[in-house]
Structure formats: structure tokens, C-alpha cells
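Student:
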Amino acid sequence: MAVQAAHAGGGIADHIHPEPQGFIRRYVFSIDHKIIGIQYMITGFVFFILSGLLAETIRVQLMNHAGGFVSNDTYNEVYTVHGSAMVWLVIIPIVTGGFGNFVMPLQIGARDVAFPWLNMLSFWMFPVAGLLLFSSFLVGAPVAGWTEYPPISLEGGVGTSMWCAAIFLIGVSSTLTGINFIVTIMQMRAPGMTFTRMPLFVWAQLATAPLSMVATTALAAALAALFIERQFGVPFYDPTKGGSPVLWQHMFWFYSHPAVYIMVLPVFGIVSEILPTFSRKPIFGYKMIAFSSMAIALVGFMVWAHHMFTSGLAPYLQLPFMILTYVVAVPTGVKIFSWLATLWGGKIHLTTAMLFALGFLALFTLGGITGIFLAAIPYDLHIHGTYFVVGHFHYVLVGGSLTGIFAGIYYWFPKMSGRMMNETLGKWNFALFFIGFNGTFLPMHWLGILGMPRWVPQYDPQFEFWNRFASVSSFVMTFGILLFFVNVIWSLRNGKKAGANPWGARTLEWQLPSPPHYYNFKHIPNVYGLPYDFSLPLPYKGLDEELTDSPAPVPAGSH
Amino acid sequence: MDFAVLERSVAVVGGVLVAFVSAYALYKDWKTPGLDNQVFKVMLFLLAVGAVLATLAGLGVLGNFPKAA
Amino acid sequence: MPHGAVADPDEGQVDQLYAETRQLRLQGFLLFLVSDVVLFSSFIFAYLYLRNTLPAWPPPGINRLDVGFAAFNSVVLFGSGVTMHYALESWKHGKFARYANFLIATIVLGAAFLAGQGYEYTNLYMREHVSWSGSGAFGASFFTLTGMHGFHVFVGVCYLTVLLLQSCAGVYTKEKYFGLTAGTLYWHFVDVIWVVLFSIFYLI
Chain S
474 MAVQAAHAGG GIADHIHPEP QGFIRRYVFS IDHKIIGIQY MITGFVFFIL SGLLAETIRV
534 QLMNHAGGFV SNDTYNEVYT VHGSAMVWLV IIPIVTGGFG NFVMPLQIGA RDVAFPWLNM
594 LSFWMFPVAG LLLFSSFLVG APVAGWTEYP PISLEGGVGT SMWCAAIFLI GVSSTLTGIN
654 FIVTIMQMRA PGMTFTRMPL FVWAQLATAP LSMVATTALA AALAALFIER QFGVPFYDPT
714 KGGSPVLWQH MFWFYSHPAV YIMVLPVFGI VSEILPTFSR KPIFGYKMIA FSSMAIALVG
774 FMVWAHHMFT SGLAPYLQLP FMILTYVVAV PTGVKIFSWL ATLWGGKIHL TTAMLFALGF
834 LALFTLGGIT GIFLAAIPYD LHIHGTYFVV GHFHYVLVGG SLTGIFAGIY YWFPKMSGRM
894 MNETLGKWNF ALFFIGFNGT FLPMHWLGIL GMPRWVPQYD PQFEFWNRFA SVSSFVMTFG
954 ILLFFVNVIW SLRNGKKAGA NPWGARTLEW QLPSPPHYYN FKHIPNVYGL PYDFSLPLPY
1014 KGLDEELTDS PAPVPAGSH
Chain U
796 MDFAVLERSV AVVGGVLVAF VSAYALYKDW KTPGLDNQVF KVMLFLLAVG AVLATLAGLG
856 VLGNFPKAA
Chain D
900 MPHGAVADPD EGQVDQLYAE TRQLRLQGFL LFLVSDVVLF SSFIFAYLYL RNTLPAWPPP
960 GINRLDVGFA AFNSVVLFGS GVTMHYALES WKHGKFARYA NFLIATIVLG AAFLAGQGYE
1020 YTNLYMREHV SWSGSGAFGA SFFTLTGMHG FHVFVGVCYL TVLLLQSCAG VYTKEKYFGL
1080 TAGTLYWHFV DVIWVVLFSI FYLI
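Residue numbers (the numbering used here), protein chains in the order written: chain S, 474 to 1032; chain U, 796 to 864; chain D, 900 to 1103.
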């Protein structure tokens, strides 16, 4: 029968594995969630650098209205792999696999995730998928854009099939991580940590995990069908053989719209941790922020066809999708206003992490508002497939997700490494990134309204000024991001010792030494309240020995 | 005997049998607790539904389409 | 180390650990089945969508599928679901011989279903000239979905055989038999998917 008292003693919480010795088991094929989380981040940032270079290739090509930096075919390959890699190999793995793995088990007071071996397996699918995707350049990369609409994606060389396989693999990894996280959060919380006492980052992961699980599996079906159509000529999407290209669009967007929430919900969680910590105020509307994550996840499944207003959808189908898309704005607005109210009257500490979190608030709100524009059918008909769309989703994914990722790294880096990051470099990083970002992507909105189509290697000379402006700004942004990497590497060697809780934060991970021990907690604590009440004593009992030299817990028989 | 008649007869008899046995198993298990047993009950119910459908198909009530010309 | 109120520390630790681990695995396995349901649902959506876009179904030149044989084969698979249910019940009541007989019956019925599927594929291919890639959306959706399901049945037959060997080797006890529960869940899942596939391909 089900065991209700999850940590009554003698159970998983007291079952501690001995720490593995030897480099390979410790840092390469590790089953420790903290190591796996950091592995996800490092791998994700390697792919971030690669696809960032592809982005700069795009910007250099567009400096001149006649193009000329790379050939048209190469240009198609470049933007396709850039988009695919940024979505599947950078943002999704870092926000779910990276932050989720490192932070979530610590915040719920668990020793690890529910299935550590499965976690390792999920991670190792990720670099393999990345190599598969990037090595497609050797044989002719996919050219149909990251959405890979048929019939273009049915043509071309083996590269598109490699794309299918790579995304399928990363999808399986994402599904398994989703399953792992749901079971972990449902079953392995410390005693006393009820659902309404969970940190908001955990809530965000709980909202994201079902999305990664369900939506990604739907994408797997679409990819499998595309793969067998390309390799075996089985007609799913080819209209000349009885298939339907619109079917791909349905299946693809049924995944890829929830994927936007997979990319941004964990970041909402990161921001919800950072804002109260650096305002020294309880978070405003805890339950509303928590439940609105769930609402976004739920409604997110019912809006996919707003990407397809120009695909010949029946008008009576278009209208509900437009209205449901507007409905998503309600829980999102609840979050934004709750965060603003958290800041209101707080004692704001402008650390780099806080700057990035505030930057996230501004940029994500702009991206969200242009999303409302795009969901309006009449406006979308005008703007579909133009640079307005490119501007919109870069505000959501770079201004939203990536800014949040930087905020999270500046916030949790001391916990991961035991050292502080350099604040001066960090502020330069933020300033250059923020200015460069807006200079790059804001002009894209008016380029789009004027009619510049996306995915083109040459364009009308009238758009040249703003394209050059965007390209120069993107160099500024890239330099800002370069400072981030400099900062990380410098701080790993020379950063100040962080101590357990440099920010004065109140969630469980900050009550442990930095970096935490292999077994996380000497004793699993009891939880008595929300972690955000800054005027009250900490709501935990049983943490007294964590920062002392008392002996580590004894591993129960190894097996 | 015609093979088509044989397979339909087996489908009808077997379908009735399976539907009854799974309904009986569902009835016996009705009050078992636990997540796994709850899922088993849903599965048994759907199994009974499937057996009924197969029976009706065997009888020619369902899926009895005229042969294409 | 605190062991709660359990009298015998070792005994208590193992059982509590087993109970909690079992709960984790059960939830994880069920979620895996849910994601598999989503995979099938996506292909079912694709099939219904393609069917809906075409003016006639089946497309011209292709006959309706043979309901009679499919009903027979379905009953074989549904019957294996019932035998699997009673295999697990027998195990719970400690009747090993009964359990083994029911499990073997399940494996045989599952294999018989696969054979029937093979017979149907051969028939379609040889007599009706319906193929995976050459019959438009009809062949694509039918062979992909039933093939995917057949693959799941094949995996299930292998899985149940492994369970049979494991239980003969004494891996499971009367109290600790999560592997058998998981196997039963998986087998029921395979059956229930077939209820849906049978309805949408043969009955509508």
C-alpha cells in the first residue's frame, strides 16, 4: 500500500549511497543530481556558443542588403540549425535539466531525484543529440527553418533526417526528465513541505514537467512520421501522395507552443526566487503565482493553431484559438503584477542577479505584448512570416528565457561552485547585453511591419539601415555575453569564498554548505512554513548540524 | 466450414466470454485500494468494452460495410 | 540513525524502503505509459486528420478492412488481458502453478495475436496490394499505427517471458513483486490501445 509518511524513517530518506570515488563515476557518468545539473549547463552553454556563432553569421550576412557573406544555401542551413539548437539544445536543457536538476531536489529537501540512473541516461542523450544535429553540416544541414514545414523538409539530403533523429533523441531525454521530476516532486518532499509550502521554483518545475512529458511525446510522433516519410516514402505529409502538410503544422505546434512554456515557466520560477530575496520582502501572491503556472501549462495545450492562421484553417476554428491565446495573458499578467507588487516598497539590492531578473521583467513583458498582437487574426494575417515574428519570439526566448538563465546563474553560481561571481564584470555583462539586445531585436519589429520577410538572405535596400543597426547591436550583445563567460571562468578561480548563504536567501538549498555535500542533507529537515517570510525565523527544524563539522551520515548498505 | 464463419463465431463466443470474465474481475476488485489497482480497474473496464465491440463486430452489427464495388 | 517505531531495525528499513521505492517506480511507470498513450494519440490524430481531409475513405481502389478476422484476432488479444489479470491475482494469493499457467497462456495468446497480425499484413499485401508506402494515407496510417502496436505487443511478449523466467528463478516473493505489477500494467495498456485501434480502423 502507499506509504503516506514519506520520510518516517527507514525509507528512502535514510537510504544513503556511499559517495562514488574516482573521476569517471564522480564527474562523467555521475548519478548525483547536482553534478548532472552542472553537466547540463556546461553542455548547454557549449551549444549556446556554437549556435550563437551561427546567429552572428546571420547578422553579418544581413549587414548588406545583397548578402554575400555566405551562399544562400548555407544561409538556410545556418538559420535552421541556429533556431533548432537554441530551442532544443540550449534553453530547454538548461532550464529544465540544468536548473531543475541542481536546484529542485535541494529545495524540496531530497537527497536526489526519484530515478538517478534514468537522470544520467537523460543527460547523456543530450550531447549525443547535439552532436548529431551539428554534424549534419557535414552532409548538408536541414534548410526549412526550425519549424521544418513540409514539403520543403521532405526534400534535400540526409541532413533533415539527422535533424529528426537528433530532436527525437532530445525529446526522449526531455520526456524522461519530465517523468523523473513529477515523481520526485510528488513523492520526495521533506516532511512538512506541503504543496503550498513549496518554493515557487519547484512549482514552476512541477508545471513544466507534464509539458515536457506530454507535448514532447507528441513531437516525437510528428518527427517519427517525418523521418519514415523521408526515408521510406510513407506518405503522411506529401499532398501529392495523399498526405497533408497542414498535419505537420498541427502536430508540430501542438508541441512547440507548449515548448514556449517549457522554456519560460522554469524561468518564471527562477525570477520568483530572486525578486523576494533581493527585495527582502515576502513574495506577493504566492498561491496566485503558483497556480497561474499551472493555468499557463493547461491553457498552453489549447492554443497551438494560432501559429496557423495563414494555413487555411476554417474561420470557426480560428476564433476560439485567438480567444484562448488571449486567456493565456491573464495568468501571465497575474505573475507580472505579483512580481511588481513584490518589488513595491522592498529594500531592493541591485546585484547582478537582480538586474537580470528586472531585465527579464521588462523584456518578457514586451515579448508577451507583441504576442498579443500576433494572436489577433487580422493583424497576424499582415505580419505572419515577417521580422515582427522574429522580434517577438526573440524577446520571449532571449529577453525572457536567456535573461532569466543569466539571472539564475548569477544567483546560484555561489551554491554550485562555492565562490562568488565578480559583480563589476557582471554589471558590465548586464548593461552590454541589455542594450545590445534591445538594439538588435527592437528594430526587427518595425522591419516586420514594413514587410521584411524572415528567412531571406537578401532583402530590399530600404531595410538596410535598421538591419545594420541590429547587426552592430548584436555585436555589442555578443561582447556582453563574452564577459559572462570571462566572469564564470575568472570567478571559478578567483572569486570570493561564498559561504553558505551569501544572499541571505531562505529556501533550503541556502542552508547547506556551498557546494552541498554528495548526500545533500545530514538530516532531512522538517518544514513548518513558506520560505519567503523575511521577518520571521527560518521555518525549518533539524538543520543545526548542516554547517558544523559533525560526521556525515552513514551510507546504508551499498547496492 | 467456411473460414470466415469460423473466425466470426470464435470472435462472438470469445468476446462474450472475455466481456463477462473481465466484468466479473472488475466486480471482484471493485473495492481494492492503491494506485495500481485503480488503474487496473479502468483497464478491465475498457477491456470489457473492447470485448463487447469485438462481439458486435463478429455478429456483423458493427463495421458491417457493403463490399466496395 | 532514527528508525522510527520499527522494532527490528534491519527488517523495518528494508520494508519501508521497498514500500517507498515501489511507490516511486509505480508512479514513474504509469507516467511512462501516459507518455506512450500520447504517442499513440498523436498518430491516431494524424490518421483521423488525414482521413478527414480525403473525400472518400478508404481511398478509391482499396477495399474495406476485413472486420471478421480482426474481431477474431482482437478477442485473442483481449483474452490475453484476462489471463494476465488472473496470473497476477494468482501470484498475490501465492498460487504459483496457477500463476505460471495463466502467464504462459498470456504469452501464447500474445504470440498468436502477432501471428494473426502477420497473416493480415500478408493478406493485405499479397491479395489487396496495400502497402506501407504505396497506398497513400491509408497504408501509411494503418501500417504505422498497427505496426507500432504490434511492436509493443512483441516487446510485451518478450517482457512477460523474462518475468516468467525471473519468477521461476525466485526474483519475486509474495510480498515484493513490483515487476509483475508493471508487466501486467504494460500488458493491459497494450490491450486497451488495441480497443481504440480496432474501433477506429475497423468499426468506423
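For each residue, glycine too, the CB sits at the ideal point set by N, CA and C.
These numbers come from a predicted model, not from an experiment.
List the endpoints of the continuous alpha helix (DSSP H) containing Leu-1020/S.
Tutor: Segment: none, Leu-1020/S is in no alpha helix (DSSP H) and carries neither H nor E.
Student: Please confirm whether Met-900/D has its beta-carbon closer than 8 Å to some beta-carbon of chain U.
Tutor: Reliability of the predicted coordinates at Met-900/D is poor, the pLDDT of 32 falling under 50, and no value is obtained from them.
Student: Is the Cβ of Trp-1031/D closer than 8 Å to any Cβ of chain S?
Tutor: yes
Student: With a Cβ-Cβ cutoff of 8 Å, do Gly-724/S and Ala-770/S count as a contact?
Tutor: Checking the sequence, you will find Met at residue 724/S rather than Gly. No, the pair does not count as a contact, with Cβ atoms beyond the cut-off.
Student: Using the Cβ count rule (16 or more neighbours within 10 Å means buried), how would you classify Met-666/S?
Tutor: buried
Student: Quick test of the definition: if touching needs 3 or more C-beta pairs under 8 Å, does the region 994-1005 of chain S touch the region 645-665 of chain S?
Tutor: yes
Student: Just the Cα atoms here: how many angstroms apart are Phe-1053/D and Leu-1002/D?
Tutor: Roughly 15 Å between the two C-alpha positions.
Student: Compare the C-beta of Ala-806/U against all C-beta atoms of chain D and say whether one is closer than 8 Å.
Tutor: So, interface residue.
Student: Suppose you measure from the CA of Gly-773/S to the CA of Leu-1062/D; what does that come to, to the nearest Å?
Tutor: 40 Å
Student: Do you know how far the Cα of Val-576/S is from the Cα of Pro-957/D?
Tutor: 53 Å
Student: On the DSSP letters alone, give me the boundaries of the alpha helix (DSSP H) that Ala-826/S sits inside.
Tutor: Where Ala-826/S is concerned, the enclosing alpha helix (DSSP H) stretches over 825-848.
Student: Quick check on the DSSP output: the alpha helix (DSSP H) that includes Met-593/S runs from which residue to which?
Tutor: In the DSSP annotation of this structure, the continuous segment of the alpha helix (DSSP H) that includes Met-593/S starts and ends at 589-612.
Student: Check the Cβ of Val-1054/D against every Cβ in chain U and list those closer than 7 Å, keeping chain order.
Tutor: What Val-1054/D touches in chain U: nothing, since even the nearest Cβ is about 18 Å away.
Student: Could you tell me which chain U residues have their CB closer than 7 Å to the CB of Leu-1102/D, listed as they occur along the chain?
Tutor: Leu-848, Ala-852, Leu-857, Gly-858
Student: Relative to the C-alpha of Ile-485/S, which candidate in Ser-503/S, Asp-585/S, Phe-674/S has its C-alpha closest?
Tutor: Asp-585/S
Student: Check whether the Cβ atoms of Ile-856/S and Val-863/S lie closer than 8 Å to each other.
Tutor: no
Student: Sort Tyr-799/S, Ala-778/S, Thr-798/S by Cα distance to Leu-790/S and report the nearest one.
Tutor: Ala-778/S
Student: By DSSP, does Thr-1043/D sit in helix, in strand, or in coil?
Tutor: Three-state DSSP puts Thr-1043/D in a helix.
Student: Please list, in chain order, all residues of the same chain as Arg-892/S whose beta carbon is under 7 Å from its beta carbon, the five residues on each side excluded.
Tutor: Ser-964, Leu-965, Gly-968, Lys-969, Lys-970, Ala-971
Student: Take Leu-1016/S and list the residues in its own chain whose beta-carbon comes closer than 7 Å to its own, dropping the five residues that flank it on each side.
Tutor: Gln-984, Pro-998
Student: Note down, in chain order, all residues in the region 970-999 of chain D with a beta-carbon under 9 Å from any beta-carbon belonging to chain U.
Tutor: Ala-970, Phe-971, Asn-972, Ser-973, Val-974, Val-975, Leu-976, Phe-977, Gly-978, Gly-980, Val-981, His-984, Tyr-985, Leu-987, Glu-988
Student: Would you report the Cα separation of Leu-839/S and Val-800/S, rounded to the nearest angstrom?
Tutor: 17 Å
Student: Distance cutoff 8 Å, beta carbons only. Does Ser-941/D sit that close to anything in chain S?
Tutor: yes
Student: If you measure beta-carbon to beta-carbon, which residues of the region 827-844 of chain U are closer than 8 Å to chain D?
Tutor: Leu-830, Asp-831, Val-834, Phe-835, Met-838, Leu-839, Leu-841, Leu-842, Val-844
Student: Going straight from the alpha carbon of Thr-569/S to that of Asn-653/S, what length do you get?
Tutor: 11 Å
Student: Secondary structure at Arg-498/S, three-state DSSP: helix, strand or coil?
Tutor: helix
Student: Which residues of chain B have a Cβ atom closer than 9 Å to the Cβ of Asp-1090/D, listed in chain order?
Tutor: No chain B is present in this structure, whose protein chains are S, U and D.
Student: Hey, how far is the Cα of Ala-864/U from the Cα of Leu-964/D?
Tutor: The predicted position of Ala-864/U is uncertain, since its pLDDT is 39 and thus under 50; a value taken from the coordinates is nonetheless stated next. Distance between the alpha carbons of Ala-864/U and Leu-964/D is about 14 Å.
Student: Based on the DSSP secondary-structure assignment, which residues constitute the bridge partners of Thr-859/S?
Tutor: Pro-926/S
Student: DSSP on Val-1029/D, reduced to helix/strand/coil?
Tutor: coil
Student: So with Cβ pairs under 8 Å, would you call Phe-1001/D a contact of chain U?
Tutor: no
Student: Can you have a look at Cys-1026/D and say buried or exposed, based on whether 16 or more other CB atoms are within 10 angstroms of its CB?
Tutor: The identity of residue 1026/D in the sequence shown is Arg, whereas the question assumes Cys. Answer is exposed; the Cβ neighbour count stays below 16.
Student: Helix or strand or just coil, what does DSSP make of Asn-974/S?
Tutor: coil
Student: So which residues on chain U does His-1028/D lean against when the C-beta distance must stay under 7 Å?
Tutor: By Cβ distance, chain U contributes nothing, its closest Cβ being about 14 Å from His-1028/D, past 7 Å.
Student: Gln-1034/S touches chain D at which residues, Cβ-Cβ below 8 Å?
Tutor: Coverage of chain S is limited to positions 474 through 1032, which leaves residue 1034/S absent and any answer about it impossible.
Student: Relative to the C-alpha of Gly-899/S, which candidate in Phe-948/S, Val-533/S, Leu-828/S has its C-alpha closest?
Tutor: When each option's Cα is compared against that of Gly-899/S, the closest is Leu-828/S.
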